[in-house]
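Below: the structure, in structure tokens.
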Amino acid sequence: MRYVSRAFWGLALVLSSFAVAQTPPRDAAMRAKASASLLSEAPRVLFYETSDTIRRVYGVPFGGGVNASDAFSTFVTRYGNLFAPGDSELEFVGDQDIMNGKFVAGYFRQRVDGIPVDKGHLTLLAKDQIGYPLVLASSNVQTVHRPLPVAKVNAKQAVALAKKNRPSLKQFTDPELWVWTGEGQHLAWAFRGENPEIVDHEYNPVYHPALCGCSGTVAHAPERYYIFVDAVSGRILEERNEVFAVDVSGRAQGWATPGFKPDQTNNPPTLQDLELIRASITGGNNAYSNATGHFVIPNAGTANVTVNLGMLGQWVNVVDFQGSTLALSQVVTPPGPANFIHNPAPAQAATAQVNGFIQTTRVHNFAKAIIPTYPGIDIAITCTVNRNSTCNAYYTNSTINFYASGGGCPNTAYSTVVWHEYGHFIIDMGHPFPTGAYHEGMADVTAAFCGDTPWLGEDFRGPNTGPLRSCYNSITYPSTAEAHTAGQVISGAFWLTYDELKLTEGNPAALERA
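Residue numbers (this note's numbering): 9 to 522.
This is the structure in structure tokens:
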């Protein structure tokens, strides 16, 4: 199937734009030659195109090599022109095991004269078997041609321009030259600017999308942007928001919120086990609890000891933004027992802490059960609850954050909201080229399959109001909607596939396969 973009390309180009995104005749001819060659090798191979650009190669196995790296490099050498890279090169970044040894993914980054091309990348997927046949090529390669323009704005000036445009930013990384591929293609200085504090800031309707994915004038959140400044004109081309958010409310844990609803009158807390929480002896050893909450701490003596239990676990460190983080201790005579119950008289702020602990641990274990070797997530991620705002939650810089109740919304530290934000962390750690809609869509997929529910953020608008988003939706590809909405293409595709698998495989097997 082929989709053609209806976007109108303007006839005029600004001075600093040195190439357009449509495919020139020379590149089209090279692409046609490469596709004919591949079709002669694999006659049933299929191509998916948008705007005369090949974005997917799939259908039947194609290519191969003596190992995965050889299969990847051979394909790029022989068929790289399928994706019309122009004068750029595709540089191998690395590979990664997928689905416990069933596949190997290979990643390529696009460069021209050594300068990276923004969003320019190619992902190849090979079966992990003899011959390493490829089964998918997924391209976001851009057509770029020499010569590149000469930079007239230096790195220091670029940072000054960004700071002038957004005075609230306090920290900046060192700028690097990139080829920006937004409106046309520009040589640009690229760098991060951030303010880690909670701030009030106005939205620019073009570059500052609202955290909730809706219109608004002010947000309460840290700021972190990947900024592109035109190296010729000094114009700010883009401020790419790197604080990923979802518009929901939440809840907490010992006594924690059950099911998928938030901490509200129709869903009171229940007593729940705390898995993988850290228990410690003052001046001695520590241990993590098992699935039923039981722990055994190694101890060398028989004298009384002080046993401590906070909100630190193997995979999460809960912090209360507005108050004290829950902490218990008691003196016991070995062998004890030292029994603890957090939040025995349930209160919203404490429940949010317990919820954050339970649900973060749960979604981490869910991800690792699927891919035990998944990189980067085996850390105690900081989970900050009861932030001093309402109706939102967000992920940024390897932290997940949840707001207190108010404004008609519950406390956002609860089940699917926690799983969604942790989903952003999973994507950041394992995918080298995530985009906004992909981030949001796969975060929704994480939440849906972690709980086996198509609903995200149930009752975030109040009791019995239903979900914030659903995997059953009418969003179709391609979508030009904002990231939260466009991402529903992905969650919908996964969930409808799951529904079909249930008809043939049954529920447990379908969930595992999906």
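All C-beta atoms, glycine included, are put in the ideal place defined by N, C-alpha and C.
Query	Result
Backbone CA spacing between Val22 and Lys160 [nearest angstrom]	Its pLDDT being 31, under 50, Val22 is placed unreliably by the model, and the measurement read from it follows with that caveat. Computed Cα separation, rounded: 15 Å.
Phe252 in three-state terms, based on DSSP	strand
Beta bridge counterpart(s) of Thr61 as assigned by DSSP	Thr58
Proximity winner among Phe348, Thr398 and Tyr402, relative to Gly414 (alpha-carbon distances)	Thr398
Segment contact flag, the segment 111-122 with the segment 48-60, C-beta cutoff 8 Å, min 3 pairs	no
Short Cβ contact (9 Å threshold) for Ser499 with Asp452	yes
Status (buried if at least 16 other CB within 10 Å, exposed otherwise) for Ser45	exposed
Beta-carbon proximity of Leu317 to Val326, cut-off 9 Å	no
The segment 288-296 touching the segment 480-488, judged by at least three CB pairs closer than 8 Å	no
Rounded Cβ spacing between Val425 and Phe410 (contact assumed at less than 8 Å)	7 Å
Backbone CA spacing between Leu132 and Pro32 [nearest angstrom]	25 Å
Rounded separation between Ser43 and Thr369 - CA only	47 Å
Beta-carbon proximity of Tyr446 to Ile435, cut-off 9 Å	yes
Pairwise C-alpha distance: Pro124 and Arg14	Here Arg14 scores only 28 on pLDDT, less than 50, and its place in the model should not be relied on; the value that follows carries that caveat. Going by the C-alpha atoms only, they are around 28 Å apart.
Selected residue, minimal CA-CA separation from Gln280, among Gly444, His350 and Val339	His350
Val256 versus Asn419 - alpha carbon distance	Only weak support is given to the placement of Val256: the predicted model assigns it a pLDDT of 38, under 50, and the value that follows is read from those uncertain coordinates. If I take the Cα positions, the gap works out to 8 Å.
Beta-carbon spacing of Val167, Val240 below 9 Å	no
Bridge-paired residues (DSSP) for Phe303	DSSP lists no partner for Phe303.
Between the CA atoms of Pro277 and Pro266 - distance to the nearest angstrom	6 Å
Start and end residues, alpha helix (DSSP H) containing Asp35	Pro33 to Glu49
Given 8 Å, three or more beta-carbon pairs between the segment 69-79 and the segment 46-55	yes
Thr151 - DSSP class collapsed to helix/strand/coil	coil
When Thr404, Glu448 and Ala455 are compared against Tyr422, the one with the closest alpha-carbon	Ala455
Ala357 vs Gln330 beta-carbon contact at 9 Å	yes
Cβ of Ile498 within 9 Å of any chain D Cβ	Of the protein chains in the structure, only one exists, and it is not chain D.
Contiguous beta strand (DSSP E) assignments of at least 3 residues, all confined to the segment 66-154	97-106, 111-120, 123-135 and 142-147
Bounding residues of the beta strand (DSSP E) (the contiguous stretch that carries Phe410)	Thr407 to Tyr411
Option in Met437, His432, Cys458 and Asn515 with minimal Cα separation from Glu448	His432
Nearest-angstrom beta carbon gap, Ala264 and Val324 [assumed within contact, 8 Å]	Actually they are not in contact, since the Cβ atoms of Val324 and Ala264 sit about 13 Å apart, beyond 8 Å.
Neighbour-count burial assignment, Asn400, 16 or more Cβ in a 10 Å radius	buried
Under 9 Å between C-beta atoms of Gly416 and Arg477	no
Identified DSSP bridge partners for Val327	Thr392
Nearest candidate by alpha-carbon position, reference Val187, set Gly102, Ile138 and Ser96	Ser96
Boundaries of the alpha helix (DSSP H) in which Asn363 is found, first to last residue	Gln356 to Ile378
Residues near Pro141 in its chain [Cβ-Cβ closer than 6 Å; skip 5 each side]	Pro69, Gly72 and Lys135
Run of the alpha helix (DSSP H) containing Gly431, from where it starts to where it stops	Ser423 to Gly438
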